[in-house]
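Numbering-wise, the sequence shown is residues 1 to 554 according to full-length UniProt numbering. Structure, as structure tokens:
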Amino acid sequence: MGWWYHIVTLEPEAEVDRRNLINRYGLYSQLSVLIPIAAYQIYRLALWLRARKQRADVAYSVVGEPPATPQSSHASLTALQARWRAAQWWLDGELAPDWGLRKRWIVGGVWTLWMTILCFSQTGHDYLHLAKRIGRVAAAQLPFHYLLSIRTRYSPLTALFGTSHENLIHWHQVCGRIIMMFFIAHGLLTRLRSRHAITGLMAIGLMSILMSTSIQLVRRWSYRVFFLFHLVIGLVVLPILFFHAKPLAIYTSEALAIFIVDRVLRRLATIIEPATITRIPHTDLLKVQISIPESRLARYQGSYAQHVFVGFPSDRRFGEVNRLLSNPFTIADVSNGELTLILRAGRGPTTQTLWSHADKYISKLMVSLEGPYSIKESIVARALEHDRILLVAGGIGATFMIPIYQALVEHLEGQDSGLERLNFTWALRSAAEGEWAADIGGIFRENAPIQVYLTRQGQPFIQEQLSDSAPLAENMEMGDFEPSEAGMIGGVKAAIGRPDLRKIVDDMFGHHAHERIAVLFCGPQEMARDLRLSMSPWVDQGRTVFWHQESFGW
């Protein structure tokens, strides 16, 4: 059986019809992104109506007897809800370690199928029609792809989905991979004998480099390499596609406009201020303190668990291009008009530069600060809707968790047995790494619902324990790293060893069979997997769980 498609010779009228069909399906491809947006809005509306009905039922039961409900119907509804919660939990799990969440693979697969239908529908046996249609359908997705990448707080998608850039960037990756697959298919089907084919292959080649430098292995090796290739190729490919085919001008122009607006708004959200950089003794941690202008202070104090992007606008080593480069860090504290960051010295140029300027533990350096950015949904409000709340942090993941912990304590401590609902478990390497938290808002006050675990306490802090590229590590004397009092942080006794996450989870879930549990986590991915694995048996039993994992995974 031969290939279904072949090159056909068309009359002028038929060529016009083919061109109209290609244009129409390109429009279908672009407008179809409204379908998942609308579906999600309907889902959010259904959740809101359900919550409103539950509140009304509670209010009704206070003044009178609740309406009778058949026992069998109630049991069926409860079983259905349990299955739905288990399905959501399964969808939010990883397909395999470091392979992304199942829901992204499923949604990506469904969207790929939809785009495939748009590519083949009404193409008949026309080979050239199919080749052009595939390219047009893929190119029509570019504006939405760029829209998913913007991180300004004015992004329409963050408002429509009630989420943040940190969540949308994963869908940006999924969308990019799908577009790339269709562009490759378009290139393979195109004949190499015209300017259109040559410029198309140039675009595919550049996008292949972009995709290769976007994989997790490269991002971990050098965030700066990933960022530079992503930025440069993301811009260069647009004019190439513009000249590749005249009908693509509208899509590339839209994508370029989105990119420019995002850059302008981010520039307006950037300040340049001197930073005080302090090495935290006996560790490879840095404390970075930056004074915030009074005109911007309200934004930094307005929400919990915020982060900023830090760069070096005046660093001569990188030149003017460095103004475009920055790295994300979570805000540990904002008080007295000053922002505090706690970060670990790693192999990247940003932390290396900060480490090298922390001369004799204190120095000044001009930094650019873009933000702040935070999760759109009120994670504190969501957690308070549940009967018990478990916070788990690993290492400097506490910079994200401590502001949330403080907010929850403020809400709960005035209630009868309110703090009994809360448990904060923090695992870190040594007591020295936790001393910075002792100065923030009375975290370790008496009877605080917090347990600290020291996983490497007692091991001497030596040069090799610093990041390989911490610039001044070789100049530090061993006397600088004498360990602090074993097992003590802010006057609180800490446990030695790794936390037993399964026991912690079982204790949290074991109070009452109908209690709803909120679990918030920030830390290493391996620790997150262990925590989810410990909760899975309880989810399988039908327990209501709100799970939030915070990580910079782009």
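Ideal Cβ placement from N, Cα and C applies to all residues, glycine included.
Item: Contact set for A528: own chain, Cβ-Cβ below 7 Å, skip 5 residues either direction; Value: F521, Q549
Item: Beta-bridge partners of R388, as assigned by DSSP; Value: I517
Item: Three CB pairs or more closer than 8 Å across the region 84-95 and the region 529-539; Value: yes
Item: Exposure label - E482; buried when at least 16 CB within 10 Å; Value: Residue placement at E482 is flagged as unreliable, the pLDDT there being 40, under the threshold of 50; a coordinate-derived value is accordingly withheld.
Item: contact_flag[the region 436-455, the region 490-502] where n(CB pairs < 8 Å) is 3 or more; Value: yes
Item: 8 Å contact criterion, which F182 and L210 should meet: CB distance rounded; Value: With a Cβ gap of about 15 Å, F182 and L210 do not count as contacting.
Item: Euclidean distance between Cα positions of M488 and R299; Value: 35 Å
Item: Identity of the residue in S326, T123, Y251, D333 nearest S291 by Cα; Value: D333
Item: G205 beta carbon less than 8 Å from that of T190; Value: no
Item: Rounded Cβ spacing between F329 and H357 (contact assumed at less than 8 Å); Value: That belief does not hold up - the Cβ atoms of F329 and H357 are roughly 16 Å apart, past 8 Å.
Item: Pick from L231, L297, Q415, R498 that is closest to I456, judged by C-alpha positions; Value: For the record, residue 456 in the displayed sequence is Arg; it is not Ile. The option with the nearest alpha carbon to R456 is R498.
Item: Three-state secondary structure (DSSP) of P216; Value: A quick correction: the sequence has Gln, not Pro, at residue 216. Q216: helix per DSSP, three-state reduction.
Item: Test item: CB-CB of A383 and I389 under 8 Å; Value: yes
Item: Nearest to L27 (by Cα), restricted to the options A140, L531, Y5, D506; Value: A140
Item: Element boundaries [beta strand (DSSP E), containing K287]; Value: 285-291
Item: T9 versus F120: straight-line alpha-carbon distance, rounded; Value: 19 Å
Item: Buried or exposed by the 16-neighbour rule on C-beta atoms within 10 Å, applied to N336; Value: exposed
Item: Boundaries (first-last residue) of the alpha helix (DSSP H) holding residue 587; Value: Residue 587 is absent from the model: the chain starts at 1 and stops at 554.
Item: R543 burial status per 10 Å Cβ neighbour count (16 or more: buried); Value: buried
Item: Enclosing alpha helix (DSSP H) for Y300 [first to last residue]; Value: 294-300
Item: Per-residue DSSP class, three states only, for N327; Value: strand
Item: Span of the beta strand (DSSP E), counted from its first residue to its last, around G490; Value: Unbroken run through G490: none, as it is neither H nor E.
Item: The ligand PLP heavy atom lying under 7 Å from the CB of R263; Value: Among the ligands in the structure shown, none appear at all, so the ligand PLP cannot be discussed.
Item: Euclidean distance between Cα positions of Q463 and R267; Value: For Q463, the predicted structure reports a pLDDT of 41, less than 50, and the residue's modelled location is therefore unreliable. The matter cannot be settled from this model.
Item: Beta-carbon separation (whole angstroms), I99 vs I178, contact threshold 8 Å; Value: Note that residue 99 is Trp in the sequence shown here, rather than Ile. About 16 Å separates the two Cβ atoms, so there is no contact after all.
Item: Cutoff 6 Å; reference G135; Cβ partners in own chain excluding five residues on either side; Value: H186
Item: Cβ pair P274, M366 closer than 8 Å; Value: yes
Item: Limits of the beta strand (DSSP E) - the one that V545 falls within; Value: 545-550
Item: Contact belief for V545 with I517 at Cβ below 8 Å, rounded distance in angstroms; Value: 5 Å
Item: Meets three-Cβ-pair contact criterion under 8 Å: the region 345-353 and the region 247-258; Value: no
Item: Residue environment, S29, which counts as buried when at least 16 other CB atoms sit within 10 Å; Value: buried
Item: Three-state secondary structure assigned by DSSP to H6; Value: strand
Item: Span separating the alpha-carbon of E385 from that of P36; Value: 27 Å
Item: DSSP state of F509 mapped onto helix, strand, coil; Value: helix
Item: Alpha-carbon to alpha-carbon, E410 and R153; Value: 27 Å
Item: Buried versus exposed, by CB contacts within 10 Å (16 or more), H125; Value: exposed
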